[in-house]
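J.: Attaching a single structure in structure tokens format; questions to follow.
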Amino acid sequence: MSEIRVRFAPSPTGKVHIGNIRAAIYNWLFARHTGGKFLLRVEDTDIERSTPEAIKALFECMEWLGLDYDEEVFYQTKNVKRHLEVVEQLIASGHAYREERTSRDGKTGVVTMFRMPKEGIIEFDDIVKGRMAKKAEDVQDFAIVRSDGSPIFHIANVVDDIDQRVTHIIRGDDHVENTFKHICIFRALGAQVPKYGHLSMIVNQQGKPYSKRDGAAFVGEFREQGYLPEALFNYLLLLGWNPGDDREVLTRDEMVRLFELEKVHVTAARFDIKKLQWMNGEYVKRMPRDVFEAELRRRVASAGLSIPQGFDVAFLADQMQVRTKFLSDMPDSIAYFFTDDYAIDEKAVEKRLRKPGVKETLEDMVRRFSAVAPSDWTAQFLEALVKELSQGGGMGPWVHPIRVAVSGRMEGPGLFEMLQLLGKATTIARLQKTAAGL
RNA sequence: GGCCCCAUCGUCUAUCGGCUAGGACACGAGCUUUUCAUGCUUGGUAGAGGAGUUCGACUCUCCUUGGGGCUGCCA
């Protein structure tokens with residue numbers, strides 16, 4: 007019994023599509039679950055698009071998602087000589103032949119064709135789709151070497167899989183038809199045919215393959231938009247697989263332990279950005295508090311803002327973690343704590359400030375807050391103060407205007423926690439300034 | 001056109017012949033609440049259609065319909 011070896015074999019075109027990376031995730035999980043090897047093969051035969059930058063982007067994407075691979079990266083271009091040797095072998099054994107052909111775009115030249123068997127049934131047990139069968143006569147001979155002498159995908163792919171001793175090929179649905187061809191190549195070479203598992207596509211609302219027209223389609227875009235790699239990973243995993251119970255948010259360990267290729271769905275799955283967003287929020291909420299705090303500090307700093315001496319960052323982090331869906335929402339969502347030059351939500355101003363009596367309320371609060379001893383400037387004390395003012399009624403008439411007056415927005419930490427963090431001087435200054443402008 | 005594959009709430013899905021069809025996202029309502037969230041409670045919405053097998057079918061078979069893939073000197 008030889009070890010399980012799977013591979014992720016993308017063409018480095020600069021951007022990694024989510025459907026593609028899901029295939030990588032399934033391969034990775036399958037390898038980690040079975041204790042096998044996960045290999046990375048860069049199919050860089052397209053010289054035009056396969057730039058060093060594109061390959062670097064691919065590596066970054068893999069690393070970002072925590073998809074570590076075993077053994078050295080295999081570059082397809084380095085194996086061209088072998089591909090061609092194997093082709094000679096196929097010609098010698100009668101499995102391939104040269105022929106002059108005219109391509110679609112009118113190019114005429116001599117290509118090497120693979121000779122398909124003319125009768126019989128080609129069949130295989132697909133790990134996710136089940137038994138697949140096709141009459142050999144329904145598959146045409148196909149080109150394996152171009153007229154310019156370069157090997158074509160079919161032969162390169164199969165030879166590389168043989169050389170890398172790949173035991174399970176887990177790839178996109180769009181390759182099922184190729185599989186019938188590839189199996190014939192394996193057989194013609196006397197090589198053992200690997201096991202196959204074909205993954206359904208990720209589709210859009212219309213049921214068509216999900217593309218960049220439908221929104222973010224590349225891993226890098228999700229990263230830029232502030233999605234956590236764990237959330238994307240988890241979401242993509244759930245798009246076509248589930249652990250068999252109601253669990254949805256899983257740790258990496260659980261995923262590895264529970265993942266079974268046999269349970270991957272055959273049907274295409276629709277990409278639902280809303281659920282991904284929810285998933286991201288779940289991961290933000292589950293971040294260790296200190297990690298969240300560090301992220302908060304980092305994002306505030308990289309926006310050029312500085313945190314004043316003595317500012318209770320831990321308290322702010324505590325307030326913000328549960329309210330943050332995307333880390334990238336910071337620092338905008340909390341900028342008002344660190345600068346007077348923060349954005350003002352006009353709708354909030356309209357709704358909460360431009361109302362009769364508000365100016366007077368704010369001026370009154372300036373007086374009352376000014377009378378508070380510095381040592382009493384705590385959320386608790388301030389809340390008691392306003393509560394008394396409201397005389398048992400709702401605190402809304404005070405709370406809403408004050409919030410907008412000091413932060414410029416309608417949402418955020420609890421008001422009194424906010425005031426405590428802002429400090430007495432800033433609170434009063436902003437109330438005065440806002441009241442003066444009404 | 002030919003070949004192949006697929007079909008449960010709007011979406012992701014559970015169910016491996018016994019179902020008052022369960023969960024999650026989204027949506028509605030309520031509670032908690034100073035805002036926004038969180039949390040909790042709660043509501044509605046599903047087995048494409050038709051035959052057959054069976055005591056019994058969402059589950060098995062066939063047909064129809066619908067959707068998708070492939071049909072390159074792309075991968």
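Just so you know, my numbering puts 251 at position 245 of the first sequence, and the rest follows in order with no gaps. In this text, a Cβ means the ideal position worked out from N, Cα and C, and glycines have one as well. Since the structure is predicted, the reported quantities are computational estimates derived from the model, not experimental observations.
(1) Can you tell me where the alpha helix (DSSP H) holding Lys291 begins and where it ends?
(2) Expressed to the nearest angstrom, what Euclidean distance is found between the alpha-carbon atoms of Val3 and Ile53?
(3) Is the number of C-beta pairs between the region 123-140 and the region 178-186 that are closer than 8 Å three or more?
(4) Could you give the distance in angstroms between the alpha-carbon of Asp324 and the alpha-carbon of Tyr75?
(5) Applying the criterion that 16 or more other CB atoms from any shown protein chain within 10 Å of the CB defines a buried residue, is Arg409 buried or exposed?
(6) Tell me the DSSP secondary structure of Gly115 in three-state form.
(7) Helix, strand or coil: which one does DSSP assign to Met416?
(8) Taking the continuous beta strand (DSSP E) assigned at Lys365, which residues delimit it?
(9) May I have the straight-line CA-CA distance separating Asp278 from Leu243, to the nearest angstrom?
(10) From the DSSP output, in three-state form, read off Asp132 for me.
(11) I want to know whether the region 248-263 touches the region 192-209 - three or more CB-CB distances under 8 Å.
(12) If contacts are defined as beta-carbon pairs under 8 Å, then Ala30 and Leu73 qualify, I think. What distance do you get, rounded to the angstrom?
(13) Rounded to whole angstroms, what is the Cα-Cα separation between Trp284 and Val116?
(14) Which residue wins for smallest C-alpha separation from Asp347, given the options Gly287, Ser413, Gly443, Lys331?
(15) Should Asp382 be labelled buried (16 or more other beta-carbon atoms within 10 Å of its own) or exposed?
(16) Phe422 and Glu389 look like a contact to me (Cβ under 8 Å); what is the Cβ gap, rounded to whole Å?
(17) Can you say whether Gly100 is buried or exposed, counting buried as having 16 or more other CB atoms within 10 angstroms of its CB?
(18) In the structure shown, what three-state DSSP assignment does Tyr202 receive?
(19) Taking Ile161 as part of the alpha helix (DSSP H), name the residues at either end of that continuous run.
(20) For Phe14, collect the residues of the same chain with a Cβ closer than 6 Å to its Cβ; drop the 5 residues on either side in sequence, then sort them by chain order.
(21) Start and end of the beta strand (DSSP E) containing Lys43?
(22) Less than 8 Å between the beta carbons of Leu437 and Val372, yes or no?
(23) Taking all protein chains shown into account, decide if Glu236 is buried (16 or more other Cβ within 10 angstroms of its Cβ) or exposed.
(24) I need the straight-line Cα distance from Tyr216 to Gly41, nearest angstrom please.
(25) Between which two residues does the alpha helix (DSSP H) harbouring Glu94 extend?
(26) Excluding the five sequence neighbours on either side, which residues of its own chain have a C-beta within less than 8 Å of the C-beta of Thr108, listed in chain order?
(27) Assuming contact is defined by CB atoms lying nearer than 8 Å, are Lys430 and Phe375 in contact in what I supplied?
(28) Roughly how many angstroms lie between the CA atoms of Pro362 and Pro403, to the nearest whole one?
(29) Would DSSP call Glu227 helix, strand or coil?
(30) May I ask you to report which of helix, strand or coil DSSP gives Ile408?
(31) If you follow the beta strand (DSSP E) that Ala102 is in, where does it begin and where does it stop?
(32) Rounded to a whole number of angstroms, what is the C-alpha to C-alpha distance between Val93 and Arg219?
(33) Which two residues bound the contiguous alpha helix (DSSP H) that contains Gly25?
(34) Does DSSP put Lys124 in a helix, a strand or coil?
(35) So Phe298 is in the alpha helix (DSSP H); what residue range does that whole segment cover?
T.: Answer, in terms of the structure:
(1) On the first sequence, position 285 is the one that residue 291 refers to. Counting along the chain, the alpha helix (DSSP H) containing Lys291 begins and ends at 279-292.
(2) Residue 3 lies beyond the residue range present for the chain, which begins at 7 and ends at 444; the question has no answer from this structure.
(3) With a cut-off of 8 Å, the region 178-186 and the region 123-140 count as touching, because enough Cβ pairs lie within range.
(4) As a working note, residue 324 is residue 318 in the first sequence. As a working note, residue 75 is residue 69 in the first sequence. Going from the Cα of Asp324 to the Cα of Tyr75 covers about 37 Å.
(5) Within the first sequence, residue 409 is the residue found at index 403, counting from 1. Here Arg409 is buried: its Cβ has 16 or more other Cβ atoms, across all protein chains shown, within 10 Å.
(6) The count along the first sequence starts at 1 and reaches residue 115 at position 109. Annotated three-state conformation of Gly115 is strand, per DSSP.
(7) Position 410 of the first sequence, counted from the first residue, corresponds to residue 416. Three-state result, Met416: coil.
(8) As a first step, residue 365 is located in the first sequence; it is residue number 359 there, counting from the start. That residue, Lys365, is in no beta strand (DSSP E); its alpha helix (DSSP H) goes 364-376.
(9) On the first sequence, residue 278 is found 272 positions in, with the first residue counted as 1. On the first sequence, residue 243 is found 237 positions in, with the first residue counted as 1. When rounded, the distance between both Cα atoms is 13 Å.
(10) In the first sequence, residue 132 corresponds to position 126, counting from 1. Under the three-state reduction of DSSP output, Asp132 falls in the strand class.
(11) Look at the beta carbons and you see the region 248-263 not touching the region 192-209: under three pairs across the two are nearer than 8 Å.
(12) In the first sequence, counting from the first residue as 1, residue 30 sits at position 24. In the first sequence, counting from the first residue as 1, residue 73 sits at position 67. That pair is a contact at about 6 Å.
(13) The count along the first sequence starts at 1 and reaches residue 284 at position 278. The count along the first sequence starts at 1 and reaches residue 116 at position 110. Linking Trp284 to Val116 through their CA atoms gives a straight-line distance of about 55 Å.
(14) Translated into positions along the first sequence, residue 347 becomes position 341. The candidate whose alpha carbon is nearest that of Asp347 is Ser413.
(15) Indexing the first sequence from 1 puts residue 382 at position 376. Its Cβ having fewer than 16 others within 10 Å, Asp382 is exposed.
(16) Walking along the first sequence from the start, residue 422 turns up at place 416. Walking along the first sequence from the start, residue 389 turns up at place 383. Contact annotation, Phe422 with Glu389: C-beta distance approximately 4 Å; criterion of less than 8 Å satisfied.
(17) Taking the first sequence and counting its residues from 1, the one referred to as residue 100 is at position 94. The residue is exposed, with fewer than 16 neighbouring Cβ atoms inside 10 Å.
(18) Along the first sequence, read from residue 1 onward, the residue named residue 202 stands at position 196. Looking at Tyr202 - three-state DSSP - the assignment turns out to be strand.
(19) Residue 161 sits at position 155 when you count from the first residue of the first sequence. Where Ile161 is concerned, the enclosing alpha helix (DSSP H) stretches over 159-169.
(20) Numbered from 1 along the first sequence, position 8 holds the residue referred to as residue 14. Within the same chain, Phe14 has close Cβ partners Ala30, Asn33, Leu46.
(21) Sequence index remark: in the first sequence, residue 43 carries index 37 (1-based). 43-48 is the span of the beta strand (DSSP E), which, as asked, contains Lys43.
(22) To locate residue 437, count along the first sequence from 1; it is residue 431. To locate residue 372, count along the first sequence from 1; it is residue 366. It is a contact, given that the beta carbons lie within the stated cut-off.
(23) Within the first sequence, numbered from 1, the residue matching residue 236 stands at position 230. Looking at its Cβ environment, which holds 16 or more other Cβ atoms inside 10 Å, Glu236 is buried.
(24) Numbered from its first residue, the first sequence carries residue 216 at position 210. Numbered from its first residue, the first sequence carries residue 41 at position 35. Straight-line measurement puts the Cα of Gly41 at about 32 Å from the Cα of Tyr216.
(25) Within the first sequence, numbered from 1, the residue matching residue 94 stands at position 88. Residues 86-98.
(26) On the first sequence, residue 108 is found 102 positions in, with the first residue counted as 1. These residues qualify, in order along the chain: Thr114.
(27) Translated into positions along the first sequence, residue 430 becomes position 424. Translated into positions along the first sequence, residue 375 becomes position 369. Yes.
(28) Sequence index remark: in the first sequence, residue 362 carries index 356 (1-based). Sequence index remark: in the first sequence, residue 403 carries index 397 (1-based). Straight-line Cα distance between these residues: approximately 11 Å.
(29) The residue labelled residue 227 in the question sits at position 221 within the first sequence. Here Glu227 sits in helix by DSSP.
(30) For this step, residue 408 is matched to residue 402 along the first sequence. In the structure shown, the three-state DSSP call for Ile408 is helix.
(31) On the first sequence, position 96 is the one that residue 102 refers to. Where Ala102 is concerned, the enclosing beta strand (DSSP E) starts and stops at 102-108.
(32) Here residue 93 is taken as the residue at index 87 of the first sequence, counted from 1. Here residue 219 is taken as the residue at index 213 of the first sequence, counted from 1. Approximately 40 Å between the Cα atoms of the pair.
(33) Indexing the first sequence from 1 puts residue 25 at position 19. That run of the alpha helix (DSSP H) goes 24-40.
(34) To locate residue 124, count along the first sequence from 1; it is residue 118. In the structure shown, Lys124 sits in coil (DSSP, three-state: anything other than H, G, I, E or B).
(35) Looking up residue 298 in the first sequence gives position 292. 295-308 is the span of the alpha helix (DSSP H), which, as asked, contains Phe298.
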